[in-house]
Amino acid sequence: MSDAGVDRETVRTEEIAAEQRYLNVLYGKLDDLRAETIQRLKDTLRDSGGPPQARTERDISTRMYTDKLTQLSAVEHGMCFGRLDLDGGETFHVGRIGLFDEDDEYEPLLLDWRAPAARPFYLATAAARDGVQRRRHLKTSWRKVLDYEDEILDLDAAEQGSDLGLAGEATLLARLDARRTGQMQDIVSTIQAEQDRVIRAGMNGVLVVQGGPGTGKTAVALHRAAYLLYTFREQLSKRGVLVVGPNPTFLRYIGQVLPSLGETGVLLSTVGGLYPGITATGTESAQVAEIKGRLSMTDVLNAAVRDRQQVPRDHVEVTFDREPLHLHRKDATAARTRARRTRRPHNLARRVFREEMFRALTMQVADRLGRELLDRRDLDEINVELRADPEVARALDELWPELTPKLLLDELLSSPERLATATAKVLGDAERDALSRPAGTPWTPADVPLLDEIAELLGEDDAQERADRERAEREELAYAQGVLHIMEQDEEIADEERLRVSDVLDAELLAERFRTRSDLTAAERAAEDRTWTFGHVIVDEAQELSEMAWRVLMRRCPSRSMTLVGDVAQTGALGGTQSWDQVLSPYVQDRWKQVELTINYRTPAEIMDIATDVLAAMDTDLQPPRSVRTSGHQPWTRRVPADELTTTLPGLIGDELREVGDGRVAVLLPPALLSESGQQLAEALPDAVIGTRPDDLESPTVLLTVDQAKGLEFDSVLVVEPEAMAEASERGINDLYVALTRATQRLGIVHSGDLPAVLARSAENGGAVAG
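The opening residue of the sequence shown carries number 1 in UniProt numbering; numbering runs sequentially from there.
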């Protein structure tokens with residue numbers, strides 16, 4: 001080795017040692033903070049009993065210290081990942097959280113990646129240095145520095161990065177080439193400039209992030225959630241942030257990203273998980289889900305509710321006070337008309353209907369007794385007796401029952417007569433028959449937007465509950481006033497300028513603290529409350545949402561502070577969208593902004609070349625994203641006789657497992673084939689699973705439909721029977737595009753018939769297994 005080589009190696013060794021010493025300081029600070037937090041949590045938990053205010057403050061402190069401890073533990077791995085050397089000689093290290101030196105006027109030891117001062121780490125270039133001389137990317141393993149990559153941002157230096165302008169190219173490519181683990185990893189150390197601009201965009205309004213496969217849409221969305229919570233903590237801490245994903249498997253896949261970024265208070269959910277008390281595990285055909293997702297279902301549900309507001313054909317006879325009493329059609333019709341004119345939800349308008357009917361029945365009884373002999377007190381007594389009579393109550397309930405969303409929807413879908421009435425003006429016979437199902441059928445994800453809509457139509461008659469709550473609040477306020485009075489009397493005021501308790505805490509605020517469950521975060525409270533509205537909503541795979549699902553999300557975010565990420569070229573759901581304007585115009589008109597991610601970090605160029613042909617066959621003007629790397633592995637095809645498919649696949653999958661080592665292999669099949677042969681394939685492969693549960697991604701091999709694979713990535717992907725996949729639905733070509741772009745390294749295509757014409761380029765690469 002030359003002297004220059006020895007010198008470079010010596011310098012590198014010394015630099016790594018210096019970074020290690022600094023990293024030791026940072027982890028020492030982290031350990032101190034963790035120990036201090038643990039001690040404060042222990043002290044808080046020991047402090048039991050006391051007045052309500054003390055217990056409330058203890059609960060708040062317990063939650064605060066628990067969250068802090070969770071945050072400190074979550075950032076243990078990769079806590080510091082970079083350094084900025086500035087023109088003025090200052091040096092800042094950048095990491096997952098901010099750490100400060102309390103002994104040196106709170107000088108920053110580690111910049112939080114979301115802080116404005118850290119932004120040049122992601123945006124500085126040789127052409128726009130922003131005062132940065134050098135950007136260093138650190139490679140660490142837990143608490144050990146392994147290596148580093150330096151970028152000298154000097155206009156006279158050699159060319160920096162590639163024509164895509166990648167920051168930290170070597171670090172980025174090493175990360176992209178790493179094996180998948182079954183859980184999504186954050187990109188905080190390798191955020192690129194176009195991603196950073198999306199992450200740090202303002203919170204107001206609707207931001208649409210359109211991006212092709214592998215552009216990092218999901219990672220950008222999650223980092224945006226962490227950034228918004230850091231930057232707008234005061235606004236968002238009370239209302240929380242909702243992140244919506246396409247399925248539970250996807251939520252499991254991304255579940256560790258936000259904690260690793262120092263955020264634990266975000267609610268992750270599917271649309272099907274947004275109705276408290278409902279577990280939507282049922283399945284149904286894509287066609288049925290599409291019908292349920294149509295906006296016209298609002299008319300169906302409105303008709304279903306009105307159908308439960310009945311009047312007698314002539315009259316209904318009941319016995320009251322041992323005499324017959326008639327509920328006449330004329331009276332019921334008048335009562336129903338008046339109730340509907342209030343425009344209140346069904347259960348609230350029911351009170352108006354009953355009031356009118358009790359008034360009519362009171363007059364009927366009075367006429368029987370001789371109205372001229374009765375005064376107002378007598379009429380009031382008759383009214384009270386009618387309200388207490390169970391037979392009268394049952395008769396009125398038959399005409400205008402109190403309903404719940406689950407009861408109404410289950411009875412609607414299981415009753416051919418009710419379904420025919422509600423859908424008469426909206427659906428054809430075949431579509432109506434498709435919706436019909438037995439009573440008690442498990443709820444499906446497409447049912448949840450219907451339940452949510454029905455809940456809005458029904459409302460909740462909480463008059464008694466509200467009266468009880470108001471009475472309790474008056475008692476709590478009186479108690480709080482007494483507590484403050486005692487506290488003021490007990491204070492020993494030595495200085496006239498000293499703040500008194502009443503200067504910073506009034507009785508109403510203290511009473512509110514008594515009422516609020518301080519042991520729950522905003523996200524936890526939101527999960528229990530259907531009517532909760534969030535400070536910001538982020539939707540991944542947003543192109544898949546139906547019109548009814550959009551209504552649910554818009555109700556959850558009346559401020560319309562939303563980030564929507566997706567790719568209309570990947571829309572697979574029959575009720576999904578092909579146009580962002582079509583989705584958003586009914587809610588925000590033209591008050592939304594779209595940005596596009598153009599660089600493909602996941603899919604190698606060899607695979608993207610084939611996927612681009614599929615994109616070109618779609619009716620879209622979208623451009624394919626540009627891949628940043630090649631894998632060195634050409635996609636391969638293999639034709640197998642149909643009757644030998646399930647016996648040949650295990651061998652092909654085994655070959656891929658050997659190629660990816662400890663990586664992950666996904667086998668993507670059409671739904672019918674997965675249903676028919678999935679179990680047989682799983683049994684023939686060690687450690688293979690059919691991916692229907694969130695934790696299945698930990699397995700080396702997983703068998704999935706394209707819909708289940710949305711948003712996921714794997715080292716190797718086998719696409720089985722692409723022709724059947726493309727012909728499975730009206731959006732089959734979109735599904736094929738998704739299937740081809742799930743791989744980070746290797747792609748194989750297995751087919752028994754002819755390949756679709758759009759895969760002609762893959763056929764040209766050869767019909768035998770490569771490698």
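By construction, the Cβ of each residue, glycine as well, lies at the ideal position given by its N, Cα and C atoms.
Just so you know, these numbers come straight off a predicted model, no measurement behind them.
Residue i versus residue j - alpha carbon distance
i, j, result
"R629", "L408", "54 Å"
"T283", "V689", "19 Å"
"A666", "S675", "16 Å"
"A434", "V288", "6 Å"
"Q364", "A549", "48 Å"
"R525", "L242", "12 Å"
"P276", "A527", "7 Å"
"Y230", "S296", "40 Å"
"L396", "R308", "12 Å"
"A35", "L72", "10 Å"
"A18", "A226", "30 Å"
"Q160", "A605", "At Q160 the pLDDT is 44, less than 50, meaning the model places this residue with poor confidence; the figure from the coordinates comes in the next sentence. Taking the straight line joining both Cα atoms gives about 21 Å."
"A219", "I187", "7 Å"
"M357", "F534", "41 Å"
"L258", "E453", "31 Å"
"T10", "L153", "23 Å"
"T444", "A393", "35 Å"
"S631", "T270", "34 Å"
"L545", "L261", "28 Å"
"I538", "L681", "37 Å"
"P345", "P635", "58 Å"
"Q39", "L23", "24 Å"
"G753", "I733", "17 Å"
"H223", "H536", "14 Å"
"L615", "K42", "58 Å"
Member of the options whose CA lies at the smallest distance from the CA of residue i
i, options, result
"L451", "A526, L274, S296, D375", "L274"
"G440", "A201, V266, L412", "L412"
"L301", "T533, L458, A226", "L458"
"T577", "R664, A303, R354, A542", "A542"
"K406", "Y122, R394, P442, L373", "P442"
"D621", "D567, G575, E659, G663", "D567"
"A672", "P635, G711, L23, S729", "S729"
"E398", "A430, H315, D461", "H315"
"R639", "S285, T705, H536, H751", "H751"
"residue 816", "V311, L374, L369", "As shown, the chain starts at 1 and ends at 771. That puts residue 816 outside it, with no answer to give."
"residue 781", "L427, D7, V75, D529", "This structure cannot settle anything about residue 781, because the visible part of the chain is limited to 1 through 771."
"R306", "T319, P401, D590", "P401"
"E713", "R664, H328, S579", "R664"
"V132", "K330, L33, G82", "G82"
"T744", "S716, A280, I610, G572", "S716"
"Q589", "R560, G95, D147, I599", "R560"
"E234", "G575, H326, K217, M203", "M203"
"P686", "P670, T279, Q708, R658", "R658"
"A642", "M562, P700, E723", "E723"
"K144", "L26, Q20, T646", "Q20"
Chain-order list of residues whose beta-carbon lies under 6 Å from that of residue i (same chain, five-residue window excluded)
i, result
"E15", "none"
"L361", "L386"
"A739", "L668, V706, V719"
Own chain residues within Cβ distance below 7 Å of residue i, not counting five before or after
i, result
"P324", "E317"
"G98", "P108, L110, L111, D112, A115"
"residue 794", "The structure shown does not extend to residue 794, since the chain is modelled only from 1 to 771, so the question has no answer here."
"L123", "D130, A193, D196"
"R58", "T44, D47"
"F232", "M203"
Same chain only: Cβ atoms within 8 Å of residue i, ignoring 5 sequence neighbours per side
i, result
"R530", "L274, Y275, P276, D452, A455"
"G245", "L251, I254, L268, S269, T270, D540, E541, G711"
Query raised in the report: For the segment 616-628 against the segment 648-663, are there 3 or more C-beta pairs whose distance is under 8 Å?
Result: Segments in contact, no.
Query raised in the report: Between the segment 378-389 and the segment 330-337, do at least 3 Cβ pairs fall closer than 8 Å?
Result: Not touching, per the Cβ criterion.
Query raised in the report: Does the count of Cβ pairs from the segment 237-252 and the segment 96-108 closer than 8 Å reach three?
Result: Contact annotation: the segment 237-252 does not touch the segment 96-108, with fewer than three C-beta pairs closer than 8 Å.
Query raised in the report: Of all the alpha helix (DSSP H) runs that stay within the bounds of the segment 592-658, which reach a length of 4 or more residues?
Result: Scanning the segment 592-658 for uninterrupted alpha helix (DSSP H) segments of 4 residues or longer gives 605-616, listed from N- to C-terminal end.
Report task. Counting only runs of 4+ residues fully inside the segment 385-412, write out the alpha helix (DSSP H) ranges in chain order. Result -> Positions of the alpha helix (DSSP H) runs, each at least 4 residues long and wholly inside the segment 385-412, are given as 390-399 in order along the chain.
Requested in this report: Could you tell me whether the segment 208-223 touches the segment 189-199, using the rule of 3 or more Cβ pairs below 8 Å?
Outcome: Contact between the segment 208-223 and the segment 189-199 is present, because at least three Cβ pairs lie under 8 Å.
Requested in this report: Scan the segment 678-718 and note each continuous alpha helix (DSSP H) run of 4 residues or more that stays entirely inside, going in chain order.
Outcome: Unbroken alpha helix (DSSP H) stretches of 4 residues or longer found wholly inside the segment 678-718: 706-709, given in chain order.
Query raised in the report: What residue ranges within the segment 234-319 form continuous beta strand (DSSP E) runs of no fewer than 3 residues, ordered along the chain?
Result: Segments of the beta strand (DSSP E) lying fully in the segment 234-319: 241-244, 267-269.
Query raised in the report: Fully enclosed by the segment 528-564, which beta strand (DSSP E) runs are 3 residues long or longer?
Result: Uninterrupted beta strand (DSSP E) stretches at least 3 residues long and entirely within the segment 528-564 occur at 536-539, given in chain order.
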